[in-house]
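In what follows, a structure is listed as structure tokens, so that the remarks can point back to it.
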Amino acid sequence: MSGTVHTLLQCPQPGASSAIDGDFPVDENVTAHLPEGARVLSAHRYGSSAWTITARITTELADGSVKKFFLKCATEDAGHAMMEGEYWAMMELYKTIPAGIPKPLARGKFQTEIPATYFFLCEFAEMSNQVPDPDRLCALITELHRKSVSPTGKFGFHVRTCNGRTPQATEWDSSWTSFFSKFMIHVMAEDFKTNGSWPELERTGARIVSQVIPRLVGVLETEGRSVKPCLIHADLWEGNTGTSYETGDIILFDAGSYYAHNEMEIADWRCPYNKVNSKIYTKTYLRNYGMSEPAEEWDDRNRLYSTYYDVVYSVNHMLQGRSVRQM
Numbered sequence: 505m506s507g508t509v510h511t512l513l514q515c516p517q518p519g520a521s522s523a524i525d526g527d528f529p530v531d532e533n534v535t536a537h538l539p540e541g542a543r544v545l546s547a548h549r550y551g552s553s554a555w556t557i558t559a560r561i562t563t564e565l566a567d568g569s570v571k572k573f574f575l576k577c578a579t580e581d582a583g584h585a586m587m588e589g590e591y592w593a594m595m596e597l598y599k600t601i602p603a604g605i606p607k608p609l610a611r612g613k614f615q616t617e618i619p620a621t622y623f624f625l626c627e628f629a630e631m632s633n634q635v636p637d638p639d640r641l642c643a644l645i646t647e648l649h650r651k652s653v654s655p656t657g658k659f660g661f662h663v664r665t666c667n668g669r670t671p672q673a674t675e676w677d678s679s680w681t682s683f684f685s686k687f688m689i690h691v692m693a694e695d696f697k698t699n700g701s702w703p704e705l706e707r708t709g710a711r712i713v714s715q716v717i718p719r720l721v722g723v724l725e726t727e728g729r730s731v732k733p734c735l736i737h738a739d740l741w742e743g744n745t746g747t748s749y750e751t752g753d754i755i756l757f758d759a760g761s762y763y764a765h766n767e768m769e770i771a772d773w774r775c776p777y778n779k780v781n782s783k784i785y786t787k788t789y790l791r792n793y794g795m796s797e798p799a800e801e802w803d804d805r806n807r808l809y810s811t812y813y814d815v816v817y818s819v820n821h822m823l824q825g826r827s828v829r830q831m
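Under our numbering, the residues of the sequence shown are numbered 505 to 831, in order.
Structural data, given as structure tokens:
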């Protein structure tokens, strides 16, 4: 998909303006979502992404001030799912913690038809890519988990979101145990489809669903206990965070959100390929939010939840997945 979208930069596009400075063609369907009276000054490739093309658009607003916007685009059906999911995920996050989220503006489709190209547009945030400060990151995530309220009272999301390029099973479910079981079944099926059969992993996955999840997750919803559906970012590694140059506050982006058990969020920090796997992040979050009961089983739950991120990492890395999933 990323190879296809690169054709946008190599060939003139019928819906793009040629009077704009820069190396990125801005489609008219994108400019239609800019503030009324805004004039595009430049559009340049910005940042790097494994499955999308990203750009920074600089505009002059009607009052003469300069404002920047961030554009992400991807092609074909997979690109449509990614852009649609990210838009709604970021919208939901912005409603809950607006100070930590670049304001989402629109999602849509380019005028150009070949390739079919979809986009996500939001305000541009001036930020560094340094590893996030544990206290600030965990304070923001704690606020998100405490303040968020599922619109249905259930786990899931109203559209299918993606982790990387991989679609997630986000259909609403009143039970976290049931939701997580289906969530794992779906991602394991995606892995087998992408990376081929591995009988040992298939047997292990079947035991996880039939035995481990009912035991470790099911207990959260028995003996009077319950799990609050919390909105989570759902792909919270250091590459999806930034630090504001102006305020030092943490900024989150590239979300694949859904309503989940809050502990699902930080299970990604257990994975060794993330810099946020430093124990200070998990300790700081738990100091802020605490553990679900039974607390003595927290580490086992965390290990179980982290397997989702390991498997989806394998799916996202496609041909490398065979070696990645050995982890």
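Where is the CB? At the ideal position from N, CA and C, for every residue including glycine. All values derive from a computational prediction rather than experimental measurement.
Residue environment: methionine 631 is assigned as buried (16 or more neighbouring CB atoms within 10 Å of its CB, all protein chains considered). Taking asparagine 778 as the centre and dropping the five residues before and after it, the same chain places the C-beta of Trp741, Glu742, Asp772 closer than 8 Å to its C-beta, in chain order.
Remark: fewer than three beta-carbon pairs, one from each stretch, lie closer than 8 Å, so the region 713–728 and the region 569–582 are not flagged as touching. Judged by DSSP in its simplified three-state form, isoleucine 736 adopts strand. In the three-state scheme derived from DSSP, where H, G and I count as helix and E and B as strand, lysine 658 is classed as coil. Following the DSSP letters along the chain, one finds glycine 589 in no beta strand (DSSP E) but inside the alpha helix (DSSP H) bounded by residues 580–600. Scanning Leu609, Ala759, Met822 for the CA closest to the CA of leucine 597 turns up Ala759. With a 10 Å radius around the Cβ and a threshold of 16 neighbouring Cβ atoms, histidine 765 comes out buried. By the CB criterion at 9 Å, phenylalanine 628 and alanine 610 fall outside the cutoff. Residue pairing by DSSP places histidine 690 opposite no residue, since no beta bridge is assigned to it. In the DSSP assignment, leucine 720 falls outside any beta strand (DSSP E) and lies within the alpha helix (DSSP H) extending over 717–720. Of the candidates Trp802, Asp739, Asp753, Asp739 places its Cα closest to the Cα of asparagine 820. Check the Cα spacing between glutamate 694 and each of Ile557, Ala554, Val815, Asn781: the tightest is with Val815.
For glycine 709, the uninterrupted alpha helix (DSSP H) run begins and ends at 703–711, by DSSP. Threonine 698 and serine 569 have their C-alpha atoms some 48 Å from each other.
The DSSP-derived three-state label of histidine 649 is helix.
Cβ neighbours of methionine 822 within its own chain (closer than 8 Å, five residues either side excluded): Thr698, Asn699. Annotated three-state conformation of leucine 538 is coil, per DSSP.
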